[in-house]
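Report on the structure given below.
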């Protein structure tokens, strides 16, 4: 299956571009996640040759670019190695659109994106059964954001070649056709970045910071989330490195909207403490430290963007639709179920009732940190 084909039998909520784009433009989750991650930045201690970051689900880079700006403010002269995992061609394209300014403000940046699995991506090394690795190294010319933007726009053929996907016959999940790596840096800083640019072959991970925000399907078991996502990422931490894990809780008005329609819905069954305990059992690594048992620092909110008078007075249809979309997107409700409900107006009344009750719409995320002892 190519990137532009769909398989209705295996539709996944997070492949729906319309839902995703409406959610990220009407809700503040991306900025809230970046603010939560910022609490960890003073605790990392990068060592030469670079500050090493891994983003376990780059998406459209809305979180990553905010974190990069924050890191530049704190470490303006330290080279950055930003390694990211993203299988969606569309998200990689959207991410590259945001990178020109990052290369301008922080010239000693090496940006890497790969479509490989969680077990492969941190070392940029595909598994034994994978097809041959495709790699592109791009040295950007010039010294202005405009120069960089033009060259990044010219990478569409690279993305079309490297980010083709096919559907798993077992799960329906997208799989890469070829493992691919795209490495981008400024050509006028190539000499200084010689020891930062990942070499051909396996790379030592040793990351100072790993971003792990909403990386898995909510309904998966704790065992699967740890085995296939969290465990390989934790192993990629360097000494003193920190991995920030963020997920939804369901303890919010958004879930109230969902339960007005589906009273028994319960998508969030692996709270952070369960994941921490499962990680301890599976990894059995005394050098890994876990923080996040208490709610004071772990929990944070984000909101649907609305003006106060929009909720206090007669709520418009556009606000109701945005709120409904956010609620079913966060709860990961499949399109088929959503479409059946939207044939009547009951979902709008449920959404209006919750927004009136709470004076708006907010969601509650939780976080925890896994760090490697120095």
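Residue numbers (this note's numbering): 5 to 378. Glycine residues also receive a C-beta, built at the ideal position from the N, C-alpha and C atoms.
Notebook entry, point to check: What residue ranges within the region 233-298 form continuous beta strand (DSSP E) runs of no fewer than 3 residues, ordered along the chain?
Noted result: 241-252 and 292-295
Notebook entry, point to check: For residue 205, is the beta carbon positioned less than 7 angstroms from some heavy atom of the ligand NAD?
Noted result: Questions concerning the ligand NAD fall outside what the structure shown contains, since it holds no ligand whatsoever.
Check: Do three or more CB pairs link the region 22-37 to the region 104-112 at distances below 8 angstroms?
Finding: no
Next item on the list: Can you give me the start and stop residues for the alpha helix (DSSP H) that residue 69 sits inside?
Entry: 66-78
Margin query: Using the three-state DSSP reduction, which class does residue 181 fall into: helix, strand or coil?
Written below: coil
Next item on the list: Between the Cα of residue 185 and those of 139, 89, 329 and 178, spot the shortest distance and give me the residue it belongs to.
Entry: 139
Note to self: Less than 8 angstroms between the C-beta atoms of residue 366 and residue 256, yes or no?
What the structure shows: yes
Check: If we ignore side chains and look at the alpha-carbon of each, how far apart do residue 374 and residue 368 end up?
Finding: 20 angstroms
Notebook entry, point to check: Looking at residue 261 and residue 218, is the spacing between their C-beta atoms short of 8 angstroms?
Noted result: no
Notebook entry, point to check: If you draw a straight line from the alpha carbon of residue 136 to that of residue 181, how long is it in whole angstroms?
Noted result: 10 angstroms
Notebook entry, point to check: With DSSP run on the structure shown, which of helix, strand or coil describes residue 60?
Noted result: coil
Next item on the list: Answer yes or no: do residue 283 and residue 348 have a C-beta to C-beta separation smaller than 8 angstroms?
Entry: no
Note to self: Extract the residue ranges of the beta strand (DSSP E) inside the region 86-167, only unbroken runs of 3 or more that lie entirely within it.
What the structure shows: 113-118 and 138-144
Margin query: Suppose contacts are defined by Cβ-Cβ distances below 8 angstroms. Is residue 294 in contact with residue 372 by that definition?
Written below: yes
Item checked: Exposure of residue 203, with buried meaning 16 or more beta-carbon neighbours within 10 Å -> exposed
Next item on the list: Can you tell me which of 289, 269 and 299 puts its alpha carbon nearest to the alpha carbon of residue 338?
Entry: 269
Notebook entry, point to check: In angstroms, rounded to a whole number, what distance separates the CA positions of residue 327 and residue 274?
Noted result: 25 angstroms
Next item on the list: Rank 67, 45, 21 and 98 by C-alpha distance to the C-alpha of residue 77 and give the top, closest one.
Entry: 45
Notebook entry, point to check: Should the region 84-97 be regarded as contacting the region 57-66, the criterion being three or more beta carbon pairs within less than 8 angstroms?
Noted result: yes
Notebook entry, point to check: Once you ignore the five residues that flank residue 297 on each side, which residues in its own chain have a CB closer than 7 angstroms to its CB?
Noted result: 277
Next item on the list: Look up residue 370 in the DSSP assignment and give the residues it is bridged to.
Entry: 251 and 303
Next item on the list: Could you pull the start and end residues of the alpha helix (DSSP H) that residue 38 belongs to?
Entry: 33-42
Note to self: residue 156 and residue 190 - do their beta-carbons sit closer together than 8 angstroms?
What the structure shows: no
Check: On the three-state DSSP scale, how would you describe residue 27?
Finding: helix
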